[in-house]
Amino acid sequence: MLSPIFKTLPLRGFLRTPQTVTIAIAAARPFSTSTNLSSPVTLSFADVPKPVPQEAAKSQPIVILHGLFGSKQNWKSLSKAMASRLNTQVIALDLRNHGESGHSQVHDYSHMMIDVAHFLKERNLENPIIIGHSMGGKVAMTIALNQTPIDRLIVVDIAPINAKIPSEFAKYVESLKEIQAARIRRQSEADDILKKAVPDVGVRQFLLTNLKRDTLNDTFNFRVPLETIGNSLSKLGQFDFVPGQAEYSGKALFIKGNKSDYITEKGIELIKSLFPNARIEGLEAGHWTHAEKPEEFLKLVTEFAQEK
Numbered sequence: 004m005l006s007p008i009f010k011t012l013p014l015r016g017f018l019r020t021p022q023t024v025t026i027a028i029a030a031a032r033p034f035s036t037s038t039n040l041s042s043p044v045t046l047s048f049a050d051v052p053k054p055v056p057q058e059a060a061k062s063q064p065i066v067i068l069h070g071l072f073g074s075k076q077n078w079k080s081l082s083k084a085m086a087s088r089l090n091t092q093v094i095a096l097d098l099r100n101h102g103e104s105g106h107s108q109v110h111d112y113s114h115m116m117i118d119v120a121h122f123l124k125e126r127n128l129e130n131p132i133i134i135g136h137s138m139g140g141k142v143a144m145t146i147a148l149n150q151t152p153i154d155r156l157i158v159v160d161i162a163p164i165n166a167k168i169p170s171e172f173a174k175y176v177e178s179l180k181e182i183q184a185a186r187i188r189r190q191s192e193a194d195d196i197l198k199k200a201v202p203d204v205g206v207r208q209f210l211l212t213n214l215k216r217d218t219l220n221d222t223f224n225f226r227v228p229l230e231t232i233g234n235s236l237s238k239l240g241q242f243d244f245v246p247g248q249a250e251y252s253g254k255a256l257f258i259k260g261n262k263s264d265y266i267t268e269k270g271i272e273l274i275k276s277l278f279p280n281a282r283i284e285g286l287e288a289g290h291w292t293h294a295e296k297p298e299e300f301l302k303l304v305t306e307f308a309q310e311k
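All residue numbers for the sequence shown refer to this note's numbering, where the first residue is 4 and numbers rise by one.
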């Protein structure tokens with residue numbers, strides 16, 4: 004359920020547009036801690052405004068939800084491209100315990116849904132298009148199945164299924180804890196520690212995007228609360244809805260990585276039961292379909308968003 008690894012992926016080249024697109028980033032108070040389980044966490048976000056605001060045609064805003072260990076920054080180039088091609092506002096969020104959003108000891112889909120629903124209400128975002136990848140995809144599905152008003156749903160390479168989180172995620176968390184305890188001063192030191200458990204350089208570089216420098220003592224630590232994430236891994240494999248209990252009958256697009264095993268035949272059955280009007284499209288990519296095949300991904304999203 005990792006978010007996209009952008010190390011070797013050509014995300015800059017596909018953004019070809021005559022318009023100038025600006026991006027505004029708003030940060031929550033970083034690393035605040037919520038202990039009241041009913042209180043939403045304030046979410047940081049990056050906002051790409053509608054490029055041509057005077058255009059008469061109404062366009063629904065798009066809200067993007069990243070995956071585990073990801074952030075709004077992973078979607079920066081794609082957000083700009085969507086805004087340009089659809090002439091609409093695009094907002095990428097940092098989910099709780101990620102990026103610059105607030106922290107909480109609770110990290111599960113129902114609470115992440117509450118955070119996002121609160122954000123939509125605060126920002127007066129009516130009937131947005133919700134896009135979610137992996138962990139963010141399960142949040143997006145939870146939002147839809149809870150009857151939060153949305154225009155349509157796009158889920159990227161995840162199914163509404165209970166499945167055990169792969170064991171390497173626990174190894175990632177333990178390695179990141181080791182880095183934090185070492186009080187490193189250079190990112191190369193973090194990479195040296197991490198490579199013992201994570202041989203893939205792309206995965207290492209992605210995980211290390213969560214490092215931030217502590218200016219008080221000139222060392223690095225992590226933006227994500229590692230203890231909380233480690234304790235929550237089993238919850239992130241779960242999904243709270245089963246066929247017959249709930250249904251989202253609106254427009255839905257599931258984009259599957261054909262080289263990924265995150266959407267199985269069982270997952271497709273569950274998609275069809277919980278999302279009866281869903282369309283499933285495959286791209287010749289792995290779990291990070293939107294990063295590996297950005298043009299094809301954008302084409303699917305653009306066409307689906309424009310469907311009447």
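Note that beta-carbon positions come from the ideal geometry of N, C-alpha and C, so glycine has one too. These numbers come from a predicted model, not from an experiment.
Residue environment: Thr145 is assigned as buried (16 or more neighbouring CB atoms within 10 Å of its CB, all protein chains considered). Where Ile258 is concerned, the enclosing beta strand (DSSP E) starts and stops at 254-260. Excluding its 5 nearest sequence neighbours in each direction, Asn90 has C-beta neighbours in its own chain below 8 Å: Lys53, Pro54, Val55, Glu58, Ala60, Ser62, listed in chain order.
By the C-beta density criterion, Gly247 is exposed, having fewer than 16 other C-beta atoms within 10 angstroms. Per the C-alpha coordinates, the member of Asp50, Gly140, Met85 positioned closest to Ala308 is Met85.
With 16 or more neighbouring CB atoms inside 10 Å of its own CB, Thr292 falls in the buried class. Note that the C-beta distance between Tyr251 and Ser137 is not below 9 Å.
In the structure shown, Thr151 adopts coil according to DSSP, grouped into three states. In the displayed model, Leu128 falls within coil according to three-state DSSP, outside both helix and strand. With respect to Lys141, Leu239 sits close: the two C-beta atoms are nearer than 9 Å.
Secondary structure at Arg189: coil, using DSSP grouped into helix, strand and coil. Note that the C-beta distance between Val119 and Leu96 is below 9 Å. CA-to-CA, the gap between Ile187 and Gly205 works out to about 20 Å. The three-state reading of DSSP puts Gly139 in helix, counting H, G and I together. Taken in chain order, the complete beta strand (DSSP E) segments of 3 residues or longer contained in the region 230-295 are 254-260, 281-286.
Distances from the alpha-carbon of Leu156 to those of His110, Thr231, Ile283 put Ile283 closest. For the options Ile164, Thr222, Pro169, the alpha carbon positioned closest to that of Glu192 is the one of Thr222. Our two residues, Asn127 and Gly260, have alpha carbons roughly 33 Å apart in a direct line. Within the region 54-121, complete alpha helix (DSSP H) segments of at least 4 residues are found at 79-89, given in chain order.
Rounded to the nearest angstrom, the Cβ distance from Ser170 to Leu197 is 16 Å, too far for a contact under 8 Å.
Within the model, the alpha-carbon separation for Ser47 versus Ile232 is close to 18 Å. Judged by DSSP secondary structure, Lys215 falls within the beta strand (DSSP E) whose first and last residues are 214-217.
Its chain contains His106, Ser107, His110, Val227, Pro228, Thr231, Ile232 as the residues whose beta carbon lies nearer than 7 Å to that of Asn100, once the 5 sequence neighbours on both sides are disregarded; these appear in chain order.
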